[in-house]
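Residue numbers (the working numbering), protein chains in the order written: chain A, 5 to 362; chain B, 130 to 443; chain C, 357 to 615.
A virtual CB, placed ideally from N, CA and C, is assigned to each residue, including glycine.
What follows is a single structure, written as structure tokens, with notes after it.
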Amino acid sequence: MSVPTRTERETDLLRTETAPVRRTLPPWVPYAVLAAAIAVGGAAALAGVSAGLGAVLTVVLYAACVVTVSRLVEGPRKAKDRVVTTVVTSAFLLALVPLISVLATVISRGTARMDVEFFSFSMRGVVGEGGGVYHAITGTLMITGLATLISVPVGMLCGVYLVEYARGKLAAVITFFVDVMTGIPSIVAGLFAYALFALILGPGVRMGVMGAVALSVLMIPVVVRSTEEMLKLVPNELREAAYALAVPKWRMILKVVIPTALAGIATGVTLAIARVIGETAPLLVTVGITQSVNLNPFDGRMATLPVSAYYQYVNPGVPPDPALDRAWAAALLLIIIVMALNLVARLISRRFAPEAGG
Amino acid sequence: MPLSETPSAVARPRPRAGDRVFAGLSTGAGLLILVVLAGVAAFLLVEAWPALTAPPEEVPGGRGVALYVWPLLFGTALSAVFALLIAAPLAVTIALFVTYYAPRALAQGLGYLIDLLAAVPSIIYGLWGFTVLAPATVGPSGWLADNLGFVPLFAGPVSATGRTMLVAILVLAVMILPIITAVVREAFRQVPRLHEEAAHALGATRWEMLRMAVLPFGRSAVIGASMLGLGRALGETMAVTIVLSVSGGVTVNLISSGNPSTIAADIALQFPESTGLAVNTLIASGLVLFAVTFAVNMAARTVINRRSEFSGAN
Amino acid sequence: MAKHIQVKDLDIYYDEFLAVQGVSMTIEPRSVTALIGPSGCGKSTFLRSLNRMHELVPKAKVEGQVAINGRDIYGNNVDPVDIRSEIGMVFQRPNPFPTMSIYENVAAGIRLTGARMKRSEIDDLVERSLRSANLWNEVKDRLHKPGGGISGGQQQRLCIARAIAVDPAVLLMDEPCSALDPISTQAIEDLINDLKPDYTIVIVTHNMQQAARVSDTTGFFNLADVGQPGRLIEMDTTAKIFSAPREQATEDYITGRFG
């Protein structure tokens with residue numbers, strides 16, 4: 005570059021006064037463009053194009069305008085950055101569409117049957133309108149409860165083994181297969197429970213406890229992982245303090261380590277319950293469906309919320325509407341339970357986590 | 130201040146016995162994991178055996194287990210692979226958004242919203258896919274058939290109900306999205322802050338920083354996470370069962386009404402009504418599904434674990 | 357009550373690595389023995405081998421003899437858990453159990469070992485231990501508040517109360533004041549003096565003034581070079597070590613010429 009003449013330098017100085025040398029778009033510009041794009045997209049949607057197409061139009065229009073302006077003012081590198089920002093943000097918003105759509109659909113369709121009868125009656129002898137899911141609620145609670153009873157001790161003990169006892173190869177192998185076990189398809193877990201009981205009790209067997217075993221296969225790895233992670237967070241100093249007080253290892257684990265990690269483990273267990281309580285496939289092949297209340301998990305078929313929603317939907321009868329209403333109401337109830345469990349899990353971890361830190 | 134008259138006289142319980150019992154119990158629980166996995170394979174094999182050894186004409190479909198499972202395996206792979214092709218890029222961009230673009234104060238909440246997608250039970254995705262998504266795809270599918278009909282995927286004729294492979298793929302994509310996002314986010318969180326700052330200090334824009342410092346670091350996590358998602362999509366049952374209208378042919382046509390079923394959906398549809406050898410056949414197909422997902426998950430975990438060994442972030 | 361400790365030719369290993377070599381010493385009852393030396397010289401490792409805490413590290417091992425009142429703690433058929441009930445330990449950072457109250461922390465040694473005691477006896481024990489640790493007056497109104505809710509210095513005295521509640525003969529202290537402010541340190545040092553008539557106290561410290569203030573006997577640990585094992589260079593009355601040490605290395609260290 006040549007040495008600037010005096011006049012050039014003067015114009016440079018002048019320019020820095022009016023506009024910065026590294027020029028950036030004023031912060032309001034993207035928002036203004038966005039507003040304009042939304043207006044155009046909205047107008048298109050109102051004019052008869054579908055809402056989805058309107059949204060696509062909005063995003064494309066916004067991206068095109070911002071990039072053009074940015075390229076002119078800020079240069080190509082900044083323009084590219086703005087493209088990526090737009091893409092990344094719209095990807096996130098796109099992912100929210102199904103979530104919102106699912107929730108809206110379930111709520112709008114499910115509320116029709118959120119009545120007292122729905123919660124207090126079974127489907128025994130019900131044809132057409134009326135009936136409820138009382139039998140399915142008791143079934144779901146019993147089977148999930150049994151699965152929790154099986155999974156929590158096994159899962160916690162396995163987590164304790166991995167953190168407090170395991171050394172070397174076996175630990176690595178078990179950790180690896182716990183992760184792999186997380187990926188077992190739920191239907192395969194169901195078939196496993198069926199095959200296990202069919203070998204003992206003969207083919208065609210259906211019992212509540214079979215469903216609990218199937219759900220345990222899905223639940224145990226989740227409980228193991230959360231126990232393991234929480235136990236690892238317990239400071240070693242506390243173990244040493246207990247050892248120095250002449251506490252045997254098993255009491256140290258039971259009375260010091262586990263209580264310290266308990267909130268975290270409870271969170272993990274709650275999330276594990278939330279994961280399996282909506283499972284349909286494994287129960288379909290192990291527990292089946294029935295129209296009446298069955299409180300004995302060792303004797304015959306039981307109804308559960310997800311499976312009864314499924315059957316209300318596939319065999320609605322004539323006219324189909326009462327059954328479909330029941331299916332949606334069961335779905336809504338299920339989603340409320342799952343969301344509530346998730347919320348409870350967050351609350352437990354938020355409420356107790358700081359205390360565990362010391 | 131002497132404390133001598135206190136507790137050393139107090140009898141202590143036999144610590145040795147307690148230790149041995151507790152160590153035994155927890156070791157047993159650890160081994161039980163391996164036993165259960167082996168048990169899944171063993172019991173499925175035992176119950177599948179009659180179908181595997183039966184004369185082909187007695188197996189449902191009349192042509193033996195292999196030919197019974199093959200179209201289902203094809204449908205399973207087709208739906209899972211396409212679902213992955215949609216979900217993986219989307220999941221990576223969402224992970225980028227939550228980690229690097231969302232306002233700090235909102236990031237955790239927004240991540241939680243994505244996690245909620247994983248909390249919705251699959252039966253609900255099925256009902257939603259059937260009632261909302263399927264009808265919504267009929268129009269666009271018609272457009273695809275008219276304008277891109279020369280691509281085998283969109284050959285048509287378009288299904289009138291929308292209960293097509295395309296809808297099954299979209300629903301599966303939504304379902305595996307949060308799983309992939311969670312693993313990728315975790316990897317991005319471990320990117321050393323110093324690398325990011327180094328990139329910023331060189332005058333990089335945010336996107337240039339991500340390309341220089343973050344994406345290379347997260348590459349194998351993305352691969353591992355995608356395989357996890359694939360495993361999940363392969364085994365997903367209820368959503369596909371409800372959404373897909375099945376005719377059993379082997380075709381890559383995504384928008385017609387003649388769709389291959391998937392192993393999992395086929396089991397869910399047939400199992401409750403089946404007896405005898407039909408049950409054994411379904412369990413044999415379940416064994417195939419177990420083997421496939423087990424292999425995919427093992428590969429995924431190997432990739433993810435190798436990454437954490439080499440990351441050097443800790 | 358207080359017991360004497362005899363150490364003979366003690367080698368301490370981490371896996372294959374020899375961390376401390378050939379230590380022999382006698383620790384007198386009803387006295388305070390300070391162990392000083394530069395970082396990494398093995399004094400904490402040595403301390404932890406006196407109550408068999410060292411072996412909690414995977415693959416760690418010990419060769420040689422440690423005898424308490426003549427009984428070898430590394431002998432066959434000796435349960436490390438029993439040994440630790442006789443030898444209490446206080447750590448570098450105060451570590452009260454976060455899930456327990458102050459009261460429960462003091463009673464932890466009794467409750468966690470599953471010993472049965474009447475409620476009133478435990479009440480007594482807690483009060484006596486807290487009084488012994490000079491903490492009673494400060495916490496008597498909030499015995500059932502969390503043990504983590506008091507100041508660092510109070511937490512450390514709580515840990516001392518917890519240790520003496522199981523009535524040990526020996527108290528090992530691993531840099532008990534290194535995480536504390538000067539006032540809390542003063543309180544701990546006063547406490548050590550008060551406890552001396554009833555216990556055998558061994559304290560590891562980085563602070564030479566502290567060793568000079570609280571101890572009767574001082575042992576100086578050093579290592580020849582990085583990667584070499586630590587050794588006991590010299591051990592004598594504290595007055596002697598700090599005024600007229602026999603070894604040049606000791607003098608260099610206490611006059612601050614290195615370490």
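Taking a C-beta cut-off of 8 angstroms against chain A, the contacting residues of the stretch 399–424 of chain C are N407, M409, L412 and P414, listed in chain order. In this structure, the straight-line span from the alpha carbon of B:R318 to that of C:A464 is close to 39 angstroms.
Comparing C-alpha distances from B:L383 to each of B:L235, B:L163, B:A220 and B:L282 shows the shortest one belongs to B:L282.
In the DSSP assignment, C:M445 is bridged to C:L528. Annotation for C:N578: the continuous beta strand (DSSP E) segment containing it runs T573 to L579.
For A:T90, no Cβ of chain B is located within less than 8 angstroms of the residue's own Cβ. Under the three-state reduction of DSSP, B:G268 is assigned to helix.
By the CB criterion at 8 angstroms, B:P184 and B:V379 fall outside the cutoff. For A:F123, the three-state secondary structure derived from DSSP is helix. Taking a contact to require three or more Cβ pairs closer than 8 angstroms, the stretch 363–382 of chain C and the stretch 385–392 of chain B do not qualify as touching.
Considering only beta carbons, the part of the stretch 215–241 of chain A lying closer than 8 angstroms to chain C consists of P239 and E241, in chain order.
Counting only Cβ-Cβ distances below 7 angstroms, A:T294 has no contacts in chain C at all, with the closest Cβ about 45 angstroms away. Contact annotation: in the stretch 339–357 of chain A, no residue has its CB less than 8 angstroms from a CB in chain C. The Cβ atoms of B:A342 and B:A328 sit closer than 8 angstroms to each other. At a cut-off of 4 residues, the continuous stretches assigned as alpha helix (DSSP H) that sit fully inside the stretch 37–102 of chain A are 55–78.
Interface with chain A (8 angstroms Cβ-Cβ cutoff): C:T469 is included. Closer than 8 angstroms to the CB of B:F283 there is not a single CB belonging to chain A.
Residue-level contact check: A:V251 touches chain C, since one or more beta carbons of chain C fall below 8 angstroms from its beta carbon. A:P323 counts as exposed, since fewer than 16 other beta carbons sit within 10 angstroms of its beta carbon. For the stretch 382–399 of chain B, the set of residues with a beta-carbon nearer than 7 angstroms to any beta-carbon of chain A comprises A393, I396 and A397, in chain order. Within chain C, the residues F453, T455, M456, A464 and L468 have their CB atoms less than 9 angstroms from the CB of A:V260, given in chain order.
In this structure, the CA atom of B:E337 is about 53 angstroms from the CA atom of A:R330.
Of the residues assessed, A:S220 falls on the buried side of the cut-off, its CB having 16 or more other CB atoms within 10 angstroms.
In the structure shown, B:M304 falls within a helical segment according to DSSP collapsed to helix, strand and coil.
The alpha-carbon separation between A:S230 and B:T156 amounts to approximately 18 angstroms. At a cut-off of 8 angstroms between C-beta atoms, A:A99 counts as an interface residue with respect to chain B. For A:S74, the closest C-alpha among the options A:R27, A:I111 and A:V44 is that of A:R27.
Leaving aside the five residues that flank B:V267 on each side, the residues in its chain whose CB is nearer than 6 angstroms to its CB run, in chain order, G291. Using a CB distance cut-off of 8 angstroms, B:A212 does not count as an interface residue toward chain A.
Under the 8 angstroms criterion on CB atoms, A:V110 is classed as interfacial with respect to chain B. Along the length of the stretch 516–562 of chain C, whole beta strand (DSSP E) runs at least 3 residues long occupy 526–530 and 556–560, reported in chain order. Judged by pairs of C-beta atoms under 8 angstroms, the stretch 186–193 of chain A does not touch the stretch 248–256 of chain A, as fewer than three such pairs exist. For A:D183, the closest Cβ of chain B is nearer than 8 angstroms.
The continuous stretches of alpha helix (DSSP H) do not include C:T389, which lies in the beta strand (DSSP E) extending over residues V388 to I392.
For A:I188, the nearest CB of chain B lies under 8 angstroms from its own CB, placing it at the interface with that chain. The beta carbon of C:H410 lies closer than 7 angstroms to those of I368, T401, R404, A416 and V418 in the same chain, with the five residues before and after it left out.
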